[in-house]
Structures are given as structure tokens and as C-alpha cells.
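Residue numbers (the working numbering): 1117 to 1259.
Glycine included, each C-beta is placed from N, C-alpha and C at the ideal position.
Keep in mind it's a predicted model, so treat the numbers as computed, not measured.
One structure is given here, and the rest of the page talks about it.
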Ligand code: CMP
């Protein structure tokens, strides 16, 4: 079954949005297989956002994501990678549709509440960066 890495960013954690965001993915029918509140070390942030290294906003991106705790999650389900991206909305909250997470809560592109893997390769890479194998759970839903 497909898995993705999702992360409530420091702005979302501080605005008490963890519950709402988890609830959206639960109600959609996806399965939470791993989760933790953590403060990202600078080196991990630089690795995670490595593809943006040459961008002018890289420094700002790393300092923001390490500025306070994030809520890191692994979700499982059919087409969870692309469906989660749809539920998150456009990267720039100003362009994100109402009803999406960023459309409802985002303020600006650098503080856009949530991160989600953009492809199967990114999902695999990001899950292994943030979680040990034993932190991921397997279960059959009983309801
Ligand atoms: P995310 O999905 O976490 O992946 C890369 C992040 O870079 C993106 O969300 C935005 O928060 C951030 N980002 C993109 N463009 C800019 C920008 N122009 N200035 C600051 N941050 C940006």
C-alpha cells in the first residue's frame, strides 16, 4: 500500500492545527502508521530540503522549519501521495482553493502550514529521513 510523508510545520503546530489536519486525513479514510512531535536538527532540514539548496529562500526555509516543533507523520492508503497533495492545496496559500488545508489556513508561501511528499521517490526518501523502520506500525483496520 502507498505511503507518504506529511508534516505540520511550526506555524501549524503553534496555531493548534494538528488535530484538524490529522482529522482531515482520518476522515478521508487514510491510515496513520507513524507520528511524532519533533524539533528538526539543522542538518536534517538541509538534507530534507536539499533540492532547494540553490534557491534564494533556502536559508529562510531551513531557519523556519527548525524554529519550533513540527508534527511528522506517515500516512498510508490508495493514491495517498497525490490525494494528500490535493487536500493540502497549492504551495502558495494565496492560490490554494478554499476547502484545502493551505487555502483555509495558510498565510504566505514560507509559512504554508503543511509539507507533503510530491512523488513516490520523495515519499520513500522523506519517510526514511524522518522515521526508523520500527517507528512505523502495521495494522488491519477493524472498523
Ligand atoms: P514545501 O512543500 O515544504 O517545500 C518547499 C517549501 O519552500 C515550500 O513548501 C514553501 O514553504 C517554501 N517556499 C517556496 N517558495 C518560497 C519562497 N519564494 N519564499 C520562501 N519559501 C518558499
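- Partner residues in the beta bridge of residue 1120, as assigned by DSSP, are 1191.
- By the neighbour-count criterion, in which 16 or more other beta carbons inside 10 Å mark a residue as buried, residue 1224 falls on the exposed side.
- Looking from the CA of residue 1256, the closest CA among 1144, 1132 and 1192 belongs to 1192.
- Taking 7 Å as the cut-off, one finds no heavy atom of the ligand CMP near enough to the beta carbon of residue 1162.
- Under the criterion of beta carbons closer than 8 Å, residue 1230 and residue 1138 do not qualify as touching, at roughly 11 Å.
- Exposed is the label assigned to residue 1168, since fewer than 16 other Cβ atoms lie within 10 Å of its Cβ.
- At least one heavy atom of the ligand CMP lies closer than 7 Å to the C-beta of residue 1165.
- Residue 1154 is classed as exposed because its beta carbon has fewer than 16 other beta carbons within 10 Å across all chains shown.
- Secondary structure in the segment 1123 to 1191: the beta strand (DSSP E) runs of 3 residues or longer, each lying completely within the stretch, are 1147 to 1154 in chain order.
- Inter-residue distance for residue 1135 and residue 1172 is about 33 Å (C-alpha atoms, whole angstroms).
- Annotated three-state conformation of residue 1205 is coil, per DSSP.
- Around the beta carbon of residue 1233, 16 or more other beta carbons lie within 10 angstroms, which makes this residue buried.
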